[in-house]
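Protein chains in written order, with our numbering: chain A, 31 to 541; chain B, 6 to 374.
First comes the structure, then the notes that go with it.
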Amino acid sequence: MNNVVEMKDITKRFPGIIANSHVNFDLRQGEIHALLGENGAGKSTLMSVLFGLYQAEEGEILIRGEKVDIKDPNVATKIGIGMVHQHFKLVHNLSITENIILGVEPKNRWHQVDLKKGRAQVVALSEKYGLTVDPDELIENITVGMQQRVEILKMLYRNSNILIFDEPTAVLTPQEIDDLIIVMRNLVNEGKSIILITHKLKEIMAIADRCTVLRRGECISTVEVAKSNPSELAEMMVGRKVNLDLNKKEIDEHKTVMKIRNLSVKDSKGLDAVKNFNLDVRTGEIMCVAGIDGNGQSELIQGITGLTPCSGGTIEFLGKEIQNTKIRERTEMGLGHIPEDRQKYGLVMDFDIKENMVLQSYFKEPFSTHGKLNKEAIKEYSDRLVEEYDVRSSQGSDTTSRSLSGGNQQKAIIAREVDRSPALLLAAQPTRGLDVGAIEFIHKSIVAERDKGKAVLLFSLELEEVLSLSDKIAVIYEGEIVGVLDAKDATENELGLLMSGAKKGDLPDYE
Amino acid sequence: MSNSFRAYVGNEKHQKVLIPIISIVLGFIVGIIIMLFSQLNAGYLFTALLRGVFGINTKFIGTSRSVFNARYIGEFLVSSMPLILTGLSVAFAYRCGLFNIGAEGQVMMGSLFSIVVALSFPGLPKVILLPMVVIAGALGGTIWGFIPGLLKAKYNVHEVVVTIMLNYVGLYFLNWTVKSLPGSSLVRTVDIPDAAWLGSDFLSDITNNSRLHWGFIIVIIAVYAFYYIMNKTTFGYELRAVGFNKDAAKYAGINVNKNAILAMTLSGTFAGLAGTLLTCGTFNYGRVIPAFENYGFNGIVAALVGGNTAIGSVLGGLLFGALQAIQPIMQANGIPREIAIIITSAIIIFVAMQNGIKSVLNKIGNKEA
């Protein structure tokens, strides 16, 4: 056997939970081995143990047949393990070369950093593996896809041959994902071995040789990808049959509830992040604003909901211009908002669940009478929502929101917003970072709103979600809509081209 | 160490109680170490505490003299009451995410308003004048809290800067006014009329001639008001939402600026009442104050030690009241009162280091659970 990594019987506990329980994992020379599991299944913990960020209580690690004690990431680096973290660790005002050599700089004979030599090494590496980068460009000026290539080069520069990729495609466009897959193949052909942490089945099918599935800290099974299929993997991951198909009702009649015309919103630097923005949102329809992160989506959401003032244009909601009204007025008119950052905007994390359930309605009867909170009514209401929306927690309505899992936090927000039965539900990245079970539930809730004849305005970065959930897709690029298409006719490739600004699509006539 | 112990110290809820207790214990340990280094008898610290807080004089055990003296309990409460109020003041603002460094100045303005009203209406009966004096004191603090709140909300001026400045303005304004009042000497005003006095012969009698006064009723009402507003009202819900998470509060349509103004204003009210207690209870005249007396600053620590809750501020106020009350007793035993100040300061430092203490607790808790 040509195992470069063998993790035997790894057990890692945290207070109250067992993150890894007797997990076995091995990586063969020259393979791409996917590590699949929901959030909290223990993937990251397992890899953190391998990378030396955590110490396992039990079990042993063998690298190329030799038992090792990986006390910290420096040891891991020394024995050839490299990791690309989900959030890149780059110094933004240094150049690509400087970032790559940082910490292991080549020195000249005066013991000064030899940038020239470093640059030459970077160029050589980037040519060898087909990782095109401009070695002199600053990190802050390059795309996310290129930043990822820099991270990969960092590992290669340190002579790592066991490469861990943590959710590498989360931030990439479809085209960039294709490029990444090619790069990973190149790496394997050059003798590297790769561990790919992911929860996306499609990627595993496309690139991995084998796949180990983790669930609740336990190793469920390791399978040959070629002999498996997505639904089998999904079932292993979740522990039950998953139905990701959404059955949407046919709805013929649509009424426009929100008309956005020539809207502009400035970002925190005072630049126009959204400009000349037009959009119609109709009843019984899920309109999705799709785009690469950072193309004005956040500012648009804040402009529509009132968190940031609009600098120009109009938003007409149910026949009334709301661009200058207060947040609460918009909420009371029937604007539901599932915010993009649930911990920043969606929940007061130190409140318990019941206090969060009335965050939009605490001041109204029956929750408040004459300025006094009515705790029984709040509790009763919250208990009902917790039950109905299956928000799982240790102490029901009295649980601190902070202790909920991400999926249950999101369910609580959805319960609160959907139960108010808003005329328009704005859902910003409602499934970001959630596991399959929660995604399934949230998608169904959103479709149920649409089927009830409500309007839904969805913001999503996940193409799969965009395509499966929406009726209409409006692609945003640099703050403008560059194309509106029917979800039925849209393809991933076409969306990718629109999203990257390479192509302009058709726009409806906005009067 | 047993697993249940580890789970206990790792639990966030328990840590809220554990961290202040650890800080206090460490503060006393520092004090004791310094006493040992200075070749002072550390035992006196504890006899002073027994005497200052419980009125028990250990020296008299076994002699014919009475071991128990209620006067010490009375004086201990007298020194604690203003600290409880300033503690409530700081805690109230903190719960809304604001740091009120200005309780010091708000206390002074409370004192000032009380003394001016007390001396301006000498003929009024007690049932009218005493409530007026109390309301005036509350108003003085309220105004001094409103100003930083308004500046914060309107122009985003940091409340810490404004309140520090207002402390000085308050100090000099108080001294100038006190000296200008008719009949004042260079250090004090004339005595206030009896009708404006919080003191009582009854309370004084039962505590062996201490200065204990009716102010404790004001303190009890203030503590309950704090608790009620914070936990039972819609307004308190908004305050806490803003304090915990400004963005989520804004998202929910809560007027963050309005709440900031109200929180600072009411915070000032609590501190202003402390001023009334000092002027019309502890003393019965207005004083010229050469320098800050640290009621406000000790209130910050009382609030921090008490986790910014109503009951916590009471406990914090009592602790620092005790450390103040034992100073003269220690001095009588040849121990410099600075030791008590060192202990107070050390507790402040350890409370300020609570994140460090927390991470140590987490480490103990996490190693194995």
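Quick reminder that beta carbons are idealized off the backbone N, C-alpha and C, glycines included.
- Pairing Y232(B) with I316(B) gives a Cβ-Cβ distance under 9 Å.
- The closest CA to that of F195(A), considering only L76(A), S51(A), G467(A), is found on L76(A).
- For the C-beta of P369(A), the chain B residues within less than 8 Å are, from N- to C-terminus, Y256.
- Across the segment 375-388 of chain A, CB contacts with chain B closer than 9 Å involve Y375, G376, L377, V378, M379, D380, F381, E385, N386, V388, in sequence order along the chain.
- Neighbours of R358(A) across chain B, judged by C-beta separation under 9 Å: A257, G258, I259, N260.
- Take the alpha-carbon of D371(A) and the one of N138(A): they are about 47 Å apart.
- The segment 65-99 of chain A contains, as complete alpha helix (DSSP H) runs of 4+ residues, the segments 73-80 (chain order).
- K158(A) counts as exposed, since fewer than 16 other C-beta atoms from the protein chains shown sit within 10 angstroms of its C-beta.
- Within the same chain, and ignoring the five residues on either side of I169(B) in sequence, the residues whose Cβ sits closer than 6 Å to its Cβ are I106.
- Contacts between Q390(A) and chain B, judged by CB atoms closer than 9 Å, involve Y256, A257, G258 in chain order.
- Neighbours of F249(B) across chain A, judged by C-beta separation under 9 Å: V378, M379, D380, F381.
- Rounded to the nearest whole angstrom, the C-alpha separation of I111(A) and F81(A) is 7 Å.
- For the C-beta of D252(B), the chain A residues within less than 7 Å are, from N- to C-terminus, K374, Y375.
- Assignment of A457(A) by DSSP, reduced to helix, strand and coil, places it in the strand class.
- Annotation: R43(A) to G15(B) spans about 14 Å, alpha carbon to alpha carbon.
- For the segment 234-246 of chain B, residues whose beta-carbon sits nearer than 9 Å to a beta-carbon of chain A comprise N236, K237, T238, T239, F240, G241, Y242, E243, R245, A246.
- In the same chain as G312(B), and ignoring 5 residues on each side of it, the C-beta atoms closer than 6 Å to its own belong to K21, in chain order.
- The C-alpha of A86(A) lies about 21 Å from the C-alpha of L366(B).
- The segment 445-504 of chain A contains, as complete alpha helix (DSSP H) runs of 4+ residues, the segments 466-481, 493-499 (chain order).
- In the DSSP assignment, K350(A) forms a beta bridge with F347(A).
- Per DSSP, C285(B) has no beta bridge partner at all.
- Between the alpha carbons of A96(B) and H218(B) lies a gap of roughly 24 Å.
- Beta-bridge pairing by DSSP links Y290(B) to D196(B).
- By the Cβ test, the segment 284-302 of chain A is in contact with the segment 331-342 of chain A, since at least three Cβ pairs between them sit closer than 8 Å.
- Taking a C-beta cut-off of 7 Å against chain B, the contacting residues of the segment 313-340 of chain A are L337, listed in chain order.
- Counting only runs that start and end inside the segment 169-227 of chain A, the alpha helix (DSSP H) elements of at least 4 residues fall at 174-187, 204-219.
- Sorting E479(A), M185(A), M317(A), D56(A) by C-alpha distance to the C-alpha of C249(A) places D56(A) at the top.
- DSSP, read as helix, strand or coil, puts S398(A) in strand.
- In the assembly as shown, Y411(A) is a buried residue. Its beta-carbon has 16 or more other beta-carbons within 10 Å.
- Taking C-beta atoms under 8 Å as the contact rule, D239(A) and I62(A) qualify, at a distance of about 5 Å.
- The closest CA to that of V112(B), considering only G277(B), P136(B), A307(B), is found on G277(B).
- F10(B) counts as exposed, since fewer than 16 other beta carbons sit within 10 angstroms of its beta carbon.
- Measuring C-alpha to C-alpha distances from L117(B) to each of L144(B), G57(B), G36(B), P295(B) identifies L144(B) as the nearest.
- The alpha carbon of K108(A) has as its nearest neighbour, out of M387(A), I227(A), N189(A), the alpha carbon of N189(A).
- E265(A) is a Cβ neighbour of K271(A), given a cutoff of 9 Å.
- Using a Cβ-Cβ distance cut-off of 8 Å, the segment 379-387 of chain A and the segment 434-443 of chain A are in contact, since at least three pairs of beta carbons, one from each stretch, lie closer than that value.
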